[in-house]
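Peer 1: Just so you know, we're using the working numbering here: the sequence shown kicks off at 3 and counts up by one.
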Amino acid sequence: MIKLPGLIDAHVHMREPGGTQKEDWDTGTSAALAGGVTTVLAMPNTKPPIFDVRNLDLALASAKEKARCDYAQFLGAGPDNYSDIAGIAHRAAGLKMYLDMTFGQLRLDDMTLWQKHFQNWPRNMPIVAHSESRSMAAVILMAAIYDRPVHIAHISLKEEVLLIKAAKERGIKVTCEVCPHHLFLTRDDIPAISLGHPGRGEVRPRLASKEDVGALWANLEVIDCFATDHAPHTLAEKDGEDPPPGFPGLETLLPLLLTAVSDGRLSMDDIIQRSVINPRKIFSLPEQPETWVEVDENAKYEIHAEDMKSRCGWTPFEGWNVKGRLRKVVLRGEEIYRDGKILASPGFGRNVRS
Ligand SMILES: [Zn+2]
Numbered sequence: 003m004i005k006l007p008g009l010i011d012a013h014v015h016m017r018e019p020g021g022t023q024k025e026d027w028d029t030g031t032s033a034a035l036a037g038g039v040t041t042v043l044a045m046p047n048t049k050p051p052i053f054d055v056r057n058l059d060l061a062l063a064s065a066k067e068k069a070r071c072d073y074a075q076f077l078g079a080g081p082d083n084y085s086d087i088a089g090i091a092h093r094a095a096g097l098k099m100y101l102d103m104t105f106g107q108l109r110l111d112d113m114t115l116w117q118k119h120f121q122n123w124p125r126n127m128p129i130v131a132h133s134e135s136r137s138m139a140a141v142i143l144m145a146a147i148y149d150r151p152v153h154i155a156h157i158s159l160k161e162e163v164l165l166i167k168a169a170k171e172r173g174i175k176v177t178c179e180v181c182p183h184h185l186f187l188t189r190d191d192i193p194a195i196s197l198g199h200p201g202r203g204e205v206r207p208r209l210a211s212k213e214d215v216g217a218l219w220a221n222l223e224v225i226d227c228f229a230t231d232h233a234p235h236t237l238a239e240k241d242g243e244d245p246p247p248g249f250p251g252l253e254t255l256l257p258l259l260l261t262a263v264s265d266g267r268l269s270m271d272d273i274i275q276r277s278v279i280n281p282r283k284i285f286s287l288p289e290q291p292e293t294w295v296e297v298d299e300n301a302k303y304e305i306h307a308e309d310m311k312s313r314c315g316w317t318p319f320e321g322w323n324v325k326g327r328l329r330k331v332v333l334r335g336e337e338i339y340r341d342g343k344i345l346a347s348p349g350f351g352r353n354v355r356s
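1) For lysine 343, does the three-state DSSP call read helix, strand or coil?
2) Opposite isoleucine 4 in the DSSP bridges: which residues?
3) Would you list, in sequence order, the uninterrupted alpha helix (DSSP H) runs of no fewer than 4 residues that lie entirely inside the stretch 257–307?
4) Following the continuous alpha helix (DSSP H) through methionine 84, name the residue where it begins and the one where it ends.
5) Would leucine 58 and leucine 43 qualify as a contact pair, given that the criterion is a beta-carbon distance under 8 Å?
6) Evaluate glutamate 223 with the Cβ neighbour count: other Cβ atoms within 10 Å of its Cβ, from every protein chain shown; 16 or more gives buried, anything less gives exposed.
7) Taking only three categories from DSSP, how would you classify leucine 197?
8) Using 10 angstroms around the beta-carbon of lysine 343, count the other beta-carbons present and answer buried if the total reaches 16, otherwise exposed.
9) When the Cα atoms are used, what is the spatial distance from glutamate 239 to serine 211?
10) Which of the three DSSP states is assigned to alanine 179 in this structure?
11) For arginine 340, tell me which candidate among Gly37, Ala220, Met99 has the shortest Cα-Cα distance.
12) Quick check on the DSSP output: the beta strand (DSSP E) that includes asparagine 323 runs from which residue to which?
13) Give the DSSP-derived three-state secondary structure of histidine 92 in the structure shown.
14) Output yes or no for whether 8 Å exceeds the beta carbon distance between methionine 45 and histidine 92.
15) May I ask you to list the residues that DSSP assigns as paired with cysteine 314?
16) List the whole-angstrom C-beta distance separating threonine 230 from lysine 325, where the pair is believed to meet the contact cut-off of C-beta under 8 Å.
17) What are the boundary residues of the beta strand (DSSP E) that includes alanine 44?
18) Could you check whether arginine 313 and threonine 29 sit closer than 8 Å to each other, using their CB atoms as the reference points?
19) What does the alpha-carbon distance come out to for the pair isoleucine 10 and proline 200?
20) So is the beta-carbon of alanine 217 under 7 Å away from any non-hydrogen atom of ligand 1?
21) Let me make sure I understand the geometry here. Which of Leu259, His306, Asn323 has the alpha-carbon closest to that of tryptophan 316?
22) Would you list the residues sitting across from glutamate 336 in a DSSP beta bridge?
23) So valine 215 packs on isoleucine 4, CB below 8 Å; how close in whole Å?
24) Express the C-alpha separation of isoleucine 154 and valine 130 in angstroms, rounding to a whole number.
25) Could you tell me whether the Cβ atoms of proline 288 and arginine 334 are closer together than 8 Å?
26) CB methionine 103 to CB alanine 79, shorter than 8 Å?
27) How would you call arginine 136, buried or exposed, if buried means at least 16 neighbouring beta carbons within 10 angstroms?
28) So which residues touch the region around ligand 1, with touch meaning a C-beta under 7 Å from any heavy atom?
29) What did DSSP end up calling aspartate 244 once you bin it into helix, strand or coil?
30) What is the residue span of the beta strand (DSSP E) that methionine 16 lies within?
31) Classify glutamate 243 as buried or exposed, calling it buried when 16 or more other Cβ atoms lie within 10 Å of its own Cβ.
32) Which residue wins for smallest C-alpha separation from histidine 132, given the options Leu268, Leu197, His13?
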């Protein structure tokens, strides 16, 4: 049995408010515990999106009532909220900027809006950018101009990891995360994930080429964090007319990483650096006293969605053989997970920004 600190997942979608058929603060934080994650940072693209004090209060009220692990909630950067949200920044995990795809009310049409957010958001609070490829290059330039840190969400491409490497070498304050599905899957896996339902293979950023995945592994020292981008959608939605992109990931993160340790591709220290130490530093998260997870590093099992706590009911890793199983989670001295059973009550989790 190996003991690790409680993991931090800096990128999850709890779907509450507005998408509770997919997940809510109860099932989402249960999935976190079943993955050895004791702190989650929730993204703001809910319905309604979390882009003002009213909606922040709405999300935090649900979290306070239901969360079984610790949490914080991101605020979203919208076209006209850059001055209003500065005063509530200390209550948020950070500012999330969506710079590529259109996310309804969180769309930032031009770079003058990016600048306004960089100027107004408090300097001691994190900024996270969903920015792929060339827009990633643009937001790194913006970070350099304003001389403040920016964290790049879910990098997936060779050109991205190499650009971040070059930026870091020149002292630009950029950090980044990579998702397990971009480390362990390539676009060649899409047919096996889809099983005739193309929507199941849809995720943003898309699954990349073998060369891209190889570049992520070859430049692991550039990658600051592992984050799941846990983005649950029901199978009915994934198999429907207009399938939404996204994979669930909280419950497969640790077994996939432990399997990579067993295969000699990662060390335990690589996991602790990227899933605990670096996210704690980047997002200024408090220590969790008397908190740890226990794993049986030799236990082999098959991944099945039917064993999972997430409400979405599927996983792109269905049927995968993994080595390394979570046995126990202790948070603040209380055993809150053991062998597949969630022992924490709803509301046990704390807002780490309160
Ligand atoms: Zn996301």
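Backbone N, C-alpha and C fix where the C-beta goes; we use that ideal spot for every residue, glycine too. These figures come from a predicted structure and were not determined experimentally.
Peer 2: The structure says:
1) Taken through DSSP and simplified to helix, strand or coil, lysine 343 comes out as strand.
2) BP columns for isoleucine 4 point to Val297.
3) Correct list: 270–274, 280–284.
4) The sequence given here has tyrosine at residue 84, not methionine. Taken as a continuous stretch (DSSP letters only), tyrosine 84 belongs to no alpha helix (DSSP H), as it is neither H nor E.
5) With contacts defined as CB atoms closer than 8 Å, leucine 58 and leucine 43 fail to qualify as a contacting pair.
6) Taking all protein chains shown into account, glutamate 223 has fewer than 16 neighbouring C-beta atoms within 10 Å of its C-beta and is therefore exposed.
7) Residue state, collapsed to three classes: coil.
8) Under this definition lysine 343 is an exposed residue.
9) Per the coordinates, the alpha-carbon of glutamate 239 lies some 26 Å from the alpha-carbon of serine 211.
10) Reading off the sequence, residue 179 comes out as glutamate, not alanine. DSSP places glutamate 179 in strand when its eight states are reduced to three.
11) Of Gly37, Ala220, Met99, the smallest CA-CA separation from arginine 340 is found for Gly37.
12) Looking at the DSSP string, the run of the beta strand (DSSP E) that includes asparagine 323 is 323–333.
13) Three-state DSSP puts histidine 92 in a helix.
14) For the 8 Å CB-CB criterion, methionine 45 and histidine 92 do not form a contact.
15) Looking at the DSSP assignment, cysteine 314 forms no beta bridge with any residue, so it has no partner.
16) With a Cβ gap of about 19 Å, threonine 230 and lysine 325 do not count as contacting.
17) It spans 39–44 - the beta strand (DSSP E) in which alanine 44 sits, taken as one unbroken run.
18) Contact: yes.
19) Spanning the two alpha carbons is a distance of roughly 31 Å.
20) It does not: the Cβ of alanine 217 is nowhere closer than 7 Å to a heavy atom of ligand 1.
21) The residue with the shortest Cα to Cα distance from tryptophan 316 is His306.
22) Answer by DSSP bridge pairing, in chain order: Leu333.
23) That pair is no contact at about 27 Å.
24) Cα to Cα, the separation comes out at about 6 Å.
25) For proline 288 and arginine 334, no; Cβs fall outside 8 Å.
26) No, these two residues do not count as a Cβ contact at 8 Å.
27) Under this definition arginine 136 is an exposed residue.
28) Working through the chain, the matches are His13, His15, Met45, His132, Ala155, His156, Asp231, Ala233.
29) The answer is coil: DSSP assigns aspartate 244 none of H, G, I, E or B.
30) For methionine 16, there is no enclosing beta strand (DSSP E), as DSSP gives it neither H nor E.
31) It is exposed - the Cβ of glutamate 243 has fewer than 16 other Cβ atoms within 10 Å.
32) Comparing Cα-Cα distances from histidine 132 to each of Leu268, Leu197, His13, the minimum goes to His13.
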